[in-house]
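For reference, the structure is listed below as structure tokens.
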Amino acid sequence: MRTLDLLRLSALSLLRQPRRSVLSLIGLAIGVAAVIILTAVGRGARTYVEQQFEVLGTHTLAILPGHSETTGGLPGFGGVPHDLTLEDARAVGRQIPGVLRLAPVVVANEECSAGGRSRRVVVVGTTAEYGAVRALRVRTGRFLSPGSWDESRPEVVLGKTLATELFPEGGALGQLVRVGGWRLRVIGVLARQGTTFGFDLDQVAFIPVRTAMTMFNKTSLFRVVLQSRAGSDMHLAEQRVRRLMIERHGEEDVTVATPEAIVDTLGGILDALTLALAGIAAISLLVAGIGIMNVMLVSVSERTAEIGLLKAIGANHRQVLALFLAEAAILSLAGGLLGLGVGLGLVKLLVTLAPTFPAAPPSWAILSALLLSLSTGVAFGWLPARRAVGLDPIAALAKEVL
Amino acid sequence: MIELEDIWRTYQLGDTTLHALAGIDETIQDGEHVAIMGPSGSGKSTLLNIIGLLDRPTRGTYRLDGRAVGGLDDDALAAIRRRGIGYVFQSYHLIERLDARGNVELPLILDGVAPRERRGRVEAALEAVGLAERADHRPSELSGGQRQRVAIARATILNPRVILADEPTGNLDSSSGEQVLALLEGFRARGLTLILVTHDPAVARRAERVIILRDGRVVRRMPGRELQDLERALAGE
Ligand SMILES: Nc1ncnc2c1ncn2[C@@H]1O[C@H](COP(=O)(O)OP(=O)(O)OP(=O)(O)O)[C@@H](O)[C@H]1O
Ligand SMILES: [Mg+2]
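Residue numbers (the numbering used here), protein chains in the order written: chain E, 46 to 447; chain D, 1218 to 1454.
Right, here's the structure in full:
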């Protein structure tokens, strides 16, 4: 028997009871759609997290003052957190091997005003290196001047939105801006950076770290960010930094964080979650397979006489088996494709509704959902098909109706 | 040539053993026209099914064209049923969702004949049974006699050597029955072996040879033309 004839005959017998056929494959369709949607959302979540952290740069590491609360104790006794100082930052730069660049960071909310307009924004005090670590793109002018960290220079770099808000007519470069009561000259405007962790980099003013510490009246840094050379062991760097800080402060009063480690951990959790959800959806495919088996069993018992006839006119066991397996395969593949269509449609809808969420089903999920539905159908079609093969043709022919 | 040697077909029903066939010895030559008669339950269908390789004897040897078929596997048996034997049933056994053409085409499909070649052969087979115009009618759109003619076209499309017919006219009125018999006899005239089971003496009488079964045994063999005398004799008893 030719494959095309086999498929045609099987399709014809499925069309005999179109409604029942469609009902039997809905279960599979739902299962496949669920796998597609769940993996798309899971993958989307992972991509989203990665995109968020990507902004922090690769091979970066942050030192935060912040083990202080864990030391506990009364103020004035041993538990007083040490400042994270510029000196600490310099020491890290000097003593940790493989550091490519590092930048100290202080942060405060300050009033920025120019030409009668005023905005309260996040002001970041840092150094020229910060722009390189975070890969900030400059639109006009330049980022903070390189040079001594201890020099207090009257300069400011504006985020794009802030620049247009303070200078709607443009031409911010070279203008004076009043920041926290200080008059600073605009030496650069950043290109659009977008939002990270809900933090709008386009609404930020960058000023030299020394200027900022004086302006904010702060002795401790908000954090130190550093970038290692490509290929260096971030885990090792993290340990070295921690050890150095303990040595310098006499206790562990800083947190050392690497975005990559966070991404890895978060990503791992998301992957596991996605897999678990997809697994549950896949189990629903098996349940759907039982539905297919049911329909096929009914079909076999209804077509007993036909099976007897086929044997009488010379169908061998293989052909009878193939006819019924092909039916199951067509059913399950149709169910899989329907589910794929519905799933992809819903993912598309989701992306339209939430454009920033990069939901997309991974190709392995599409492929395995289809393969799984096909093999489910064939596996559960096996029993009915075997039953058809095993029918006694004489008993089968004794049934009058075809 | 069909050679049956001490053929038994036994059913075990709980404690009782039922011999549907109890030692049949019979040889049917190529091109013969044989009618099998006998009361209900005498084993006629069982015998036909064994000859048609749908059933296996419990005991005994069946040789088809000199070859013992007892040891053949499903594949070989199916191939013989497909190409060597044409089956005609009392209740036609046409597939309702296929039209006449589709039903006649089935053996060709099972045999792997190319679609191009099938078309012509199906038309010719339907033509031969006088149903060329009804090729795209469903079975339910045909009369009983027409359905049986479609079934005959299906049974003969692969040019079998033997036609087995189990009460082919059992559901038909006399004129459709006559058409069907004429068709079957026409095939037989072209050299096919025709074996039919019937209750109708008028049908059996047309056979070259009549075999009468009772309780799974052959109780009488006679030329068809002598059947009338037997009937008279039986009626006179
Ligand atoms: N599957 C079976 N199980 C048990 N007994 C069976 C089976 N098939 C047939 N028989 C018995 O075998 C005997 C012969 O049956 P068979 O069908 O050959 O009779 P028949 O001569 O064709 O009768 P009819 O004229 O009614 O068609 C009967 O007694 C029947 O009950
Ligand atoms: Mg019978």
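Where a beta carbon is used, it is the ideal one built from N, C-alpha and C, also for glycine.
Residue i Cβ short of 7 Å to ligand 2 heavy atom set
i	result
Val1379 of chain D	no
Asp1383 of chain D	yes
Val1435 of chain D	no
Val1414 of chain D	yes
Residue i Cβ short of 7 Å to ligand 1 heavy atom set
i	result
Lys356 of chain E	no
Leu366 of chain E	no
Thr1263 of chain D	yes
Tyr1279 of chain D	no
Gly1228 of chain D	One detail in the question is off: residue 1228 of chain D reads as Tyr in this sequence, not Gly. Yes.
Leu1235 of chain D	yes
Gly1301 of chain D	no
Ser1257 of chain D	yes
Ala440 of chain E	yes
Gly1248 of chain D	no
Gly1260 of chain D	yes
CA-to-CA distance, residue j to residue i, given in whole angstroms
i	j	result
Thr209 of chain E	Gly215 of chain E	6 Å
Gln1445 of chain D	Met1439 of chain D	11 Å
Leu266 of chain E	Glu174 of chain E	15 Å
Asp195 of chain E	Phe98 of chain E	30 Å
Ala236 of chain E	Gly176 of chain E	12 Å
Gly190 of chain E	Val202 of chain E	The amino acid occupying residue 190 of chain E in the given sequence is Ser; Gly does not appear at that position. Using only the alpha carbons, I get a separation of about 10 Å.
Val396 of chain E	Ala1293 of chain D	59 Å
Ile1224 of chain D	Ile337 of chain E	43 Å
Thr116 of chain E	Glu297 of chain E	At Thr116 of chain E the pLDDT is 43, less than 50, meaning the model places this residue with poor confidence; the figure from the coordinates comes in the next sentence. Cα to Cα, Thr116 of chain E sits roughly 9 Å from Glu297 of chain E.
Leu391 of chain E	Ala323 of chain E	16 Å
Gln1307 of chain D	Asn339 of chain E	32 Å
Arg165 of chain E	Leu106 of chain E	29 Å
Leu204 of chain E	Arg179 of chain E	In the sequence as displayed, the identity of residue 204 of chain E is Gly instead of Leu. Their Cα atoms are separated by approximately 14 Å.
Val270 of chain E	Ile232 of chain E	23 Å
Lys444 of chain E	Ser344 of chain E	15 Å
Arg64 of chain E	Ile439 of chain E	31 Å
Thr1233 of chain D	Ser1262 of chain D	21 Å
Gly1269 of chain D	Arg363 of chain E	20 Å
Arg1437 of chain D	Gln1229 of chain D	27 Å
Leu1430 of chain D	Glu1243 of chain D	12 Å
Leu423 of chain E	Ser377 of chain E	According to the sequence shown, residue 423 of chain E is Val rather than Leu. Taking the straight line joining both Cα atoms gives about 8 Å.
Leu1264 of chain D	Gly1329 of chain D	30 Å
Gly312 of chain E	Val94 of chain E	8 Å
Val168 of chain E	Val152 of chain E	6 Å
Ile325 of chain E	Leu1343 of chain D	55 Å
Ser1259 of chain D	Asp1417 of chain D	15 Å
Ser306 of chain E	Leu145 of chain E	According to the sequence shown, residue 306 of chain E is Ala rather than Ser. Ala306 of chain E and Leu145 of chain E: Cα-Cα distance of roughly 19 Å.
Gln1363 of chain D	Glu1350 of chain D	11 Å
Item checked: Segment contact flag, the segment 1319 to 1336 of chain D with the segment 370 to 386 of chain E, C-beta cutoff 8 Å, min 3 pairs -> The segment 1319 to 1336 of chain D makes no contact with the segment 370 to 386 of chain E, as fewer than three CB pairs between them are under 8 Å.
Next item on the list: With a floor of 3 residues, list each beta strand (DSSP E) that falls wholly inside the segment 1228 to 1313 of chain D, ordered by position along the chain.
Entry: For the segment 1228 to 1313 of chain D, whole beta strand (DSSP E) runs of length 3 or above, ordered along the chain, are 1233 to 1245, 1250 to 1254, 1276 to 1281, 1302 to 1306.
Next item on the list: Return the chain-ordered ranges of every alpha helix (DSSP H) run that is complete within the segment 279 to 309 of chain E and spans a minimum of 4 residues.
Entry: Qualifying alpha helix (DSSP H) stretches, in chain order: 279 to 294.
Next item on the list: With 7 Å as the limit, tell me which residues of the segment 1250 to 1267 of chain D have their beta carbon closer than that to any beta carbon of chain E; keep them in chain order.
Entry: Sequence-ordered contacts of the segment 1250 to 1267 of chain D with chain E read Asn1266 [C-beta pairs closer than 7 Å].
Check: Would the segment 291 to 303 of chain E and the segment 151 to 166 of chain E be scored as touching if the rule is three or more Cβ pairs under 8 Å?
Finding: The answer is no - the segment 151 to 166 of chain E does not touch the segment 291 to 303 of chain E, with fewer than three Cβ pairs under 8 Å.
Next item on the list: Could you pull out every unbroken beta strand (DSSP E) segment of at least 3 residues lying fully inside the segment 1355 to 1417 of chain D, listed in chain order?
Entry: Counting only unbroken stretches of 3 or more residues, the beta strand (DSSP E) elements lying wholly within the segment 1355 to 1417 of chain D are 1379 to 1383, 1410 to 1414, in sequence order.
Notebook entry, point to check: Which residues, in chain order, does the segment 411 to 433 of chain E contribute to contact with chain D at a C-beta distance below 7 Å?
Noted result: When C-beta distances to chain D are compared with 7 Å, every residue of the segment 411 to 433 of chain E stays at or above that value.
Checklist line | 4 or more residues per run - each alpha helix (DSSP H) lying fully within the segment 360 to 422 of chain E | finding: Whole alpha helix (DSSP H) segments, 4+ residues: 362 to 398.
Notebook entry, point to check: Using a beta-carbon distance cut-off of less than 9 Å, what residues from the segment 87 to 103 of chain E approach chain D?
Noted result: Of all residues in the segment 87 to 103 of chain E, none has a Cβ within less than 9 Å of some Cβ in chain D.
Next item on the list: Can you check the segment 147 to 224 of chain E for any beta strand (DSSP E) of at least 3 residues that lies completely inside it and give the ranges in chain order?
Entry: Qualifying beta strand (DSSP E) stretches, in chain order: 162 to 171, 183 to 186, 200 to 203, 221 to 224.
Next item on the list: Would you check if the segment 339 to 353 of chain E and the segment 368 to 378 of chain E touch, i.e. whether three or more CB-CB distances between them fall below 8 Å?
Entry: Counting Cβ pairs under 8 Å, three or more are found: they touch.
Item checked: Meets three-Cβ-pair contact criterion under 8 Å: the segment 1286 to 1304 of chain D and the segment 1252 to 1259 of chain D -> No, they do not touch.
Next item on the list: Check each residue of the segment 318 to 343 of chain E: if its Cβ is closer than 9 Å to any Cβ of chain D, include it; give the result in chain order.
Entry: Answer in chain order: no residues at all.
Note to self: Does the structure place the segment 1234 to 1245 of chain D close enough to the segment 1396 to 1403 of chain D that three or more beta carbon pairs sit under 8 Å?
What the structure shows: At 8 Å Cβ cutoff, the stretches do not touch.
Next item on the list: Would you check if the segment 223 to 230 of chain E and the segment 244 to 256 of chain E touch, i.e. whether three or more CB-CB distances between them fall below 8 Å?
Entry: Per the Cβ contact rule, the segment 244 to 256 of chain E is in contact with the segment 223 to 230 of chain E (3 or more Cβ pairs under 8 Å).
Margin query: Any C-beta of chain E within less than 9 Å: which residues of the segment 1303 to 1316 of chain D qualify?
Written below: Correct list: Gly1303, Tyr1304, Phe1306, Ser1308, Tyr1309, His1310, Leu1311, Ile1312, Glu1313, Arg1314, Leu1315.
Notebook entry, point to check: In chain order, what residues of the segment 1366 to 1380 of chain D put their CB closer than 9 Å to some CB of chain A?
Noted result: Absence of chain A from the displayed structure is noted, the protein chains being E and D.
Next item on the list: Taking a Cβ distance cut-off of 7 Å, strictly less, list which residues of the segment 1419 to 1447 of chain D are near chain E, in chain order.
Entry: So the list is empty, because no residue satisfies the distance condition.
Check: Within the chosen definition, does the segment 312 to 328 of chain E reach the segment 73 to 92 of chain E through at least 3 CB pairs nearer than 8 Å?
Finding: Contact holds between the segment 312 to 328 of chain E and the segment 73 to 92 of chain E, because three or more Cβ pairs, one in each stretch, are under 8 Å apart.
Margin query: Taking beta-carbon pairs under 8 Å, can you tell me which members of the segment 53 to 77 of chain E lie near chain D?
Written below: Contact annotation: in the segment 53 to 77 of chain E, residues whose CB is within less than 8 Å of a CB in chain D are Leu54, Leu57, Ser58, Leu60, Arg61.
Notebook entry, point to check: Is there contact here, the segment 1352 to 1369 of chain D with the segment 1273 to 1289 of chain D, by at least three beta-carbon pairs under 8 Å?
Noted result: Output reads no: the segment 1273 to 1289 of chain D does not touch the segment 1352 to 1369 of chain D.
Notebook entry, point to check: Taking one C-beta from the segment 404 to 411 of chain E and one from the segment 73 to 85 of chain E each time, how about it: are there three or more such pairs within less than 8 Å?
Noted result: Touching, yes, given that three or more Cβ pairs across the two stretches are closer than 8 Å.
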